[in-house]
Structure formats: structure tokens, C-alpha cells
Amino acid sequence: MDSESLPDNVIPQDIMLQINEPEDNLQTKKHIAEDGSTSTLWKHFKGKHNELYLEINQITEALNKLEISQSLAFTQESFRNDLVHWIIVDDQPFTVVQNIFFQKMIKRLNSNAIIPSSDTIHNDIIKIFNDEKEFLKNKLQKLSGKISLTLDGWTSKNQISFLGITIHWITDDWKFNSTVLDFFHLEGPHSGENIASKLFEVLKEFNLLSKILGISTDNASNMDKMFNKFEYICNYEGIKFDADNQHVRCLAHIINLAVQNILKALKGEAPENENEILQENVSIGSILGVVTKLRILITKIRASPQRKERFKRQCVALNVKSLELIPDIRTRWNSTFYMIKRAFCLRECFQKATIEMSSENSPTLGQTVPIYNYLIDNIEDFLKETNTKSNDIINAANDAKSKLQQYYPSSDGLVYVIATTHMSKKRKTSFIDELEVYLNEPPENFDMNVLAFWKVHENKFPNLSKMAKDFLAIPGTSVPVERVFSGGTDLITQRRCSLNLEIIRKSMCLKAWLKYKNKN
Numbered sequence: 001m002d003s004e005s006l007p008d009n010v011i012p013q014d015i016m017l018q019i020n021e022p023e024d025n026l027q028t029k030k031h032i033a034e035d036g037s038t039s040t041l042w043k044h045f046k047g048k049h050n051e052l053y054l055e056i057n058q059i060t061e062a063l064n065k066l067e068i069s070q071s072l073a074f075t076q077e078s079f080r081n082d083l084v085h086w087i088i089v090d091d092q093p094f095t096v097v098q099n100i101f102f103q104k105m106i107k108r109l110n111s112n113a114i115i116p117s118s119d120t121i122h123n124d125i126i127k128i129f130n131d132e133k134e135f136l137k138n139k140l141q142k143l144s145g146k147i148s149l150t151l152d153g154w155t156s157k158n159q160i161s162f163l164g165i166t167i168h169w170i171t172d173d174w175k176f177n178s179t180v181l182d183f184f185h186l187e188g189p190h191s192g193e194n195i196a197s198k199l200f201e202v203l204k205e206f207n208l209l210s211k212i213l214g215i216s217t218d219n220a221s222n223m224d225k226m227f228n229k230f231e232y233i234c235n236y237e238g239i240k241f242d243a244d245n246q247h248v249r250c251l252a253h254i255i256n257l258a259v260q261n262i263l264k265a266l267k268g269e270a271p272e273n274e275n276e277i278l279q280e281n282v283s284i285g286s287i288l289g290v291v292t293k294l295r296i297l298i299t300k301i302r303a304s305p306q307r308k309e310r311f312k313r314q315c316v317a318l319n320v321k322s323l324e325l326i327p328d329i330r331t332r333w334n335s336t337f338y339m340i341k342r343a344f345c346l347r348e349c350f351q352k353a354t355i356e357m358s359s360e361n362s363p364t365l366g367q368t369v370p371i372y373n374y375l376i377d378n379i380e381d382f383l384k385e386t387n388t389k390s391n392d393i394i395n396a397a398n399d400a401k402s403k404l405q406q407y408y409p410s411s412d413g414l415v416y417v418i419a420t421t422h423m424s425k426k427r428k429t430s431f432i433d434e435l436e437v438y439l440n441e442p443p444e445n446f447d448m449n450v451l452a453f454w455k456v457h458e459n460k461f462p463n464l465s466k467m468a469k470d471f472l473a474i475p476g477t478s479v480p481v482e483r484v485f486s487g488g489t490d491l492i493t494q495r496r497c498s499l500n501l502e503i504i505r506k507s508m509c510l511k512a513w514l515k516y517k518n519k520n
């Protein structure tokens with residue numbers, strides 16, 4: 001810690017008294033600022049009395065460490081809580097507490113520690129889950145603005161279906177917040193009707209039905225049915241919900257569809273899995289597409305330990321760094337990108353757009369329309385400037401453009417309204433219209449954080465800032481819930497496939513809630 005920023009109360013009073021004694025032969029000039037800070041005094045010590053400065057600094061650091069150690073004083077209750085937190089967040093098996101080496105380590109740290117059994121860990125998880133759920137409920141109820149969601153289905157390696165829901169909001173001090181709302185086994189069909197009923201139950205339990213602004217999902221057909229059914233249920237219960245205007249389609253998924261159109265036109269569409277390639281048993285020389293050649297080569301090398309070893313030896317012989325070859329899959333266009341990147345370095349505007357929309361800690365909805373425009377403009381520029389006579393390449397570019405244009409208007413309601421708000425003329429009143437004043441303001445620095453802007457201008461634009469706080473919390477993609485699923489593979493491993501479904505739910509939610517709480 002920089003000692004110049006240390007507060008007064010960490011400096012022992014007797015040291016301060018000694019400094020002022022004449023026999024120390026120090027200058028008697030007062031070095032304390034009018035605001036009571038001691039930064040000038042510290043600078044004086046550091047420059048003129050370095051030995052004394054180092055001595056005081058050493059004592060200060062010791063006192064700070066003492067304060068930390070006192071705040072982390074051992075109690076059996078705190079130890080059990082911390083143990084459960086670690087097990088949950090790090091996806092440890094509950095039986096880790098039975099490991100003799102783990103027990104020895106804990107006893108070495110504190111011989112008084114009583115290590116709970118795996119059954120006790122199980123019971124503690126249930127208790128902590130209920131406590132943290134209540135904490136989140138209370139926090140969400142106190143929000144002054146709206147909330148938004150992402151949701152998607154996921155199937156574990158042991159073929160169990162789950163529905164994940166994430167929640168997103170902006171706090172009164174303009175901090176972007178998000179966490180898991182629920183993660184549970186989806187019984188029955190993955191129909192839109194079934195998903196809508198489950199979603200309604202969760203939101204009703206959290207008392208959030210009146211706070212929903214936008215819900216971001218992929219473009220699967222069952223999601224369109226889900227929104228229609230959810231609108232029907234809400235309206236039946238007297239709650240306003242507009243499926244057309246409150247459904248935000250995942251831009252990352254639309255980008256994937258556009259790129260798949262390109263790959264399909266170039267005969268480079270990814271397979272569902274590697275087995276498709278191996279079963280076809282085709283020779284590389286018989287394939288015309290470069291991407292397809294690369295895919296088959298990678299798949300065949302990965303399928304044989306002997307080929308992998310020969311590949312590594314060739315890398316060593318050619319003084320090339322040996323990297324694990326990456327296969328691609330159809331459901332993620334950028335898996336093809338990464339496959340090619342390992343073989344040949346390249347960069348695409350589609351990759352840049354996907355990364356831009358996959359941000360975890362900042363708003364993404366406002367980027368949606370600009371990114372649509374960016375991608376379409378890039379394709380149009382390519383078509384104008386290219387010298388290629390290949391119909392396949394021209395058709396591929398046009399197919400991608402058509403896919404983007406197909407979904408551009410369906411930046412349904414919310415996104416489209418945000419993009420076109422400035423086009424509508426509000427009727428004049430005797431008062432200066434807030435929107436007109438805002439639009440007449442000189443443009444801000446493009447790199448300025450959008451939340452920081454609205455925080456600074458909240459008093460100047462009270463109505464617009466309130467709207468911004470609600471709308472900017474809407475995710476432009478369903479990436480947040482997909483990140484949750486990646487954590488599911490860490491929990492439900494081959495050795496833990498028999499985990500109780502309710503414990504899976506509690507573990508997944510609790511992991512997200514503990515991380516959120518620690519972060520905020």
C-alpha cells in the first residue's frame with residue numbers, strides 16, 4: 001500500500017509525538033494540510049528523513065496486516081461457510097472433506113477446526129442457498145427501475161435438460177449488474193408453452209413480473225412460441241407484456257446464421273460433429289473447398305493418437321510451435337474461425353462484432369444497430385471493391401447480407417425504438433423538451449463510457465436518464481446465459497453425473513450469487 005494515501009488513524013500517536021520533539025533535530029514546520037490529511041508530511045519524511053519514513057511505513061504495514069487478520073479471525077461457523085463457498089465456486093466434490101490430505105492441511109492451519117462431513121456440506125448448501133436467494137429477492141425488490149433477462153435451454157453430458165435464466169439491471173449509482181436468476185431441470189418437452197409456464201413461475205416467485213423490460217433469446221422457433229404464450233399468461237393475470245416489443249433477438253446468433261450462409265455458399269459448412277467426417281471416409285484430395293480440406297485434415301489427425309504424435313514431431317522438425325488442433329461445430333460460427341486461425345492467421349469483421357457484443361460487464365444493446373450497419377456496410381464495400389469473378393464468393397456475400405437484413409427490422413420494438421427515437425418529433429410545449437435539448441448537445445467523446453455519461457447528466461436529463469437506466473440493462477445477446485452453461489460442464493462431470501437435480505440447481509445458482517456478492 002502506498003503510504004502517502006494512508007489515513008491518519010494508522011499512525012501511532014507516540015510516533016507523532018516523537019517527531020515533534022526538538023532532540024530529533026527535525027524541522028518544526030507544520031506539514032499537515034488544511035483538510036487534515038498527512039500527505040505533505042509523508043512526502044517530507046520520504047525526502048528528508050528516509051530511515052524514519054521506512055520505520056513508520058513498516059509499523060503501518062504491520063498494523064494493517066493485524067487489522068486484516070483480526071477481521072478474518074477463526075470461528076467454526078465462519079470456517080464452515082467459507083468451506084462451502086469454496087466447494088461451490090470451485091466446483092469441488094462434497095466428498096473433498098473426506099480426503100485425508102485435505103484434512104491434514106486444514107488441521108495444520110488450525111488444529112481446532114472441525115471438518116464437517118459431506119452430508120453436513122450438503123445441508124449447509126441448502127441453507128446458504130435459501131439465505132442468498134432471500135438476499136437477492138430483497139435486493140431486486142428495492143430496484144427503482146426495470147430488469148431484463150436472458151434465457152436458454154441446455155443439455156448436460158448425461159442428457160439432462162436445464163433452463164437457465166440470467167437477470168440484468170443498472171443500479172441507482174449507474175453500475176451494470178447481472179447474475180443468475182434460476183437454473184433448473186426442464187421437465188417435459190422443450191416447447192415454447194412449457195418454457196413460458198416455467199419462466200412465469202420463476203418471475204412470480206421473485207415478484208418481478210411488473211419489472212420486466214426486455215428478454216433476450218436466440219432465434220429458435222420455440223422461443224417465438226414461448227413469447228406468445230408468455231404474453232397470453234401475463235395478460236390473463238392482468239400484467240402488461242408485449243411479445244413483439246419486448247423480445248430481443250440475440251445478435252450473436254444472427255451473426256452466426258449470416259456466417260453459416262457464407263460457409264454454405266462456399267461449401268464449407270461445419271458438420272454437427274467430428275463423427276460425420278470420419279464416417280464419410282473421403283480423401284482430402286477429392287474435396288474442392290479449402291475449409292473442408294482443413295476440417296478433414298484436423299479431424300483425422302485428432303482421431304488417432306499416432307497421427308497426433310507424428311504431427312507434433314513434424315512441428316518440432318520445422319521449428320513450429322505445436323498447438324492443439326481445434327475442430328469446428330455448426331452451432332458456433334466462430335469455432336470455424338478459430339479452426340482456421342490456428343492454421344492461418346486472419347481477422348474478420350464478424351469476429352470483431354461478436355466480441356463487441358459478448359461483453360459481460362457493460363451494456364451491449366446500444367451496439368446492436370451500429371453493428372448491423374457495420375456488417376452490412378462491410379459486405380457492400382466488399383461487393384463494390386472486389387475483383388473476383390467467382391459467383392460462389394459473390395453469392396456467399398449476398399447470402400450473408402440477406403440474412404442480416406432479414407433480422408434487421410426485427411431488432412424488435414426495443415432496439416428499433418432506441419435507434420429511431422431521434423427521428424420522431426415531440427410536440428412543442430411551453431417547457432423545453434428534454435429530448436430536443438439532448439439532441440442539440442455537442443457529441444461526446446466516442447470512447448466515453450455510456451453509463452458514466454448518464455451518471456454525470458442525470459440531473460440535466462432526469463427522464464431520459466431514467467429511460468437509459470432501464471434500456472441499457474437489456475443484453476443485446478443471449479451470451480450471458482450461455483456463459484452459465486459453460487460452468488455447468490465444470491459441475492456435472494463424468495464422475496459427478498449422478499448429482500441430485502435439485503443440488504445441481506442450488507449449486508449453479510449459488511455459485512453465481514456468491515460471485516456476484518463478492519464482486520459487488
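As numbered in the UniProt record's numbering, residues 1 to 520 make up the sequence shown, in order.
All residues carry an ideal CB built from backbone N, CA and C; glycine is no exception.
Alpha-carbon spacing of residue i relative to residue j, whole angstroms
i       : j       : result
Leu-17  : Gln-58  : For Leu-17, the predicted structure reports a pLDDT of 37, less than 50, and the residue's modelled location is therefore unreliable. The matter cannot be settled from this model.
Glu-482 : Thr-217 : 10 Å
Gly-188 : Ile-254 : 28 Å
Ala-252 : Leu-404 : 11 Å
Leu-263 : Ala-396 : 7 Å
Ser-191 : Tyr-232 : 15 Å
Gln-159 : Asn-500 : 14 Å
Ala-196 : Gly-145 : 23 Å
Asn-112 : Phe-79  : 11 Å
Asn-235 : Leu-464 : 28 Å
Leu-510 : Asn-387 : 56 Å
Ser-118 : Leu-209 : 38 Å
Ser-286 : Ile-298 : Per-residue confidence for Ser-286 stands at a pLDDT of 42, beneath the threshold of 50, marking its modelled position as unreliable; the derived number appears in the next sentence. Distance between the alpha carbons of Ser-286 and Ile-298: 16 Å.
Lys-384 : Gly-153 : 41 Å
Val-248 : Thr-155 : 23 Å
Ile-165 : Phe-241 : 18 Å
Asn-520 : Gly-238 : 35 Å
Glu-444 : Asn-245 : 29 Å
Met-508 : Gln-314 : 43 Å
Tyr-438 : Asp-470 : 18 Å
Start and end residues, beta strand (DSSP E) containing residue i
i           : result
residue 523 : Outside the shown range of the chain, which is 1 to 520, sits residue 523, and nothing can be said about it.
Val-202     : Note, Val-202: premise wrong, no beta strand (DSSP E); alpha helix (DSSP H) at 192-205.
residue 528 : Given a span of 1 to 520 for the chain in the structure shown, any question on residue 528 remains unanswerable.
Thr-217     : 212-217
Proximal residues to residue i (C-beta, below 7 Å), its chain only, five neighbours per side dropped
i       : result
Ile-126 : Lys-506
Gln-76  : Ile-114
Phe-102 : Val-96
Met-223 : Gly-192 and Thr-217
Ala-265 : Asp-392, Asn-395, Ala-396 and Asp-399
Glu-434 : Phe-461, Asn-463 and Leu-464
Same chain, Cβ closer than 6 Å to residue i, five either side skipped, listed in chain order
i       : result
Leu-365 : Ile-474 and Gly-476
Asn-194 : Gly-188
Phe-135 : none
Rounded distance between the beta-carbons of residue j and residue i, thought under 8 Å
i       : j       : result
Leu-451 : Phe-176 : 6 Å
Leu-325 : Arg-310 : Their Cβ separation, rounded to whole angstroms, is 13 Å, which puts Leu-325 and Arg-310 out of contact at 8 Å.
Trp-174 : Lys-455 : 4 Å
Ser-178 : Pro-480 : 6 Å
Cys-250 : Ser-478 : 4 Å
Asp-182 : Val-202 : 5 Å
Phe-162 : His-185 : 6 Å
Phe-206 : Leu-140 : 6 Å
Val-180 : Ala-468 : Going by Cβ atoms, the distance from Val-180 to Ala-468 rounds to 25 Å, so no, they are not a contact pair.
Asn-110 : Phe-74  : 5 Å
Pro-305 : Leu-472 : Actually they are not in contact, since the Cβ atoms of Pro-305 and Leu-472 sit about 50 Å apart, beyond 8 Å.
First through last residue of the alpha helix (DSSP H) which encompasses residue i
i           : result
Ser-465     : 462-471
Trp-169     : Per DSSP, Trp-169 belongs to no alpha helix (DSSP H); it is in the beta strand (DSSP E), 161-170.
Phe-79      : 76-89
Phe-101     : 100-109
residue 523 : Outside the modelled stretch of the chain, which goes from 1 to 520, sits residue 523, for which no answer is possible.
Asn-245     : 243-246
Asn-158     : From DSSP, Asn-158 is part of no alpha helix (DSSP H); its letter is neither H nor E.
Ser-402     : 391-407
Lys-455     : 450-456
Leu-510     : 501-519
Residues near residue i in its chain [Cβ-Cβ closer than 8 Å; skip 5 each side]
i       : result
Ile-376 : Lys-401, Leu-404, Gln-405 and Tyr-408
Glu-380 : Lys-401
Pro-116 : Arg-80, Leu-83, Val-97 and Asp-124
Asn-25  : With a pLDDT of 43 at Asn-25, under the threshold of 50, the modelled position of that residue is not reliable, and the figure given next carries that caveat. So no residue of the chain qualifies.
| said: Contact between the segment 105-113 and the segment 137-154 is defined here as three or more beta-carbon pairs at a separation below 8 Å; is this criterion met? | reply: no
| task | Specify whether the segment 117-126 and the segment 79-91 touch according to this definition: at least 3 beta carbon pairs, one from each stretch, less than 8 Å apart. | result | yes
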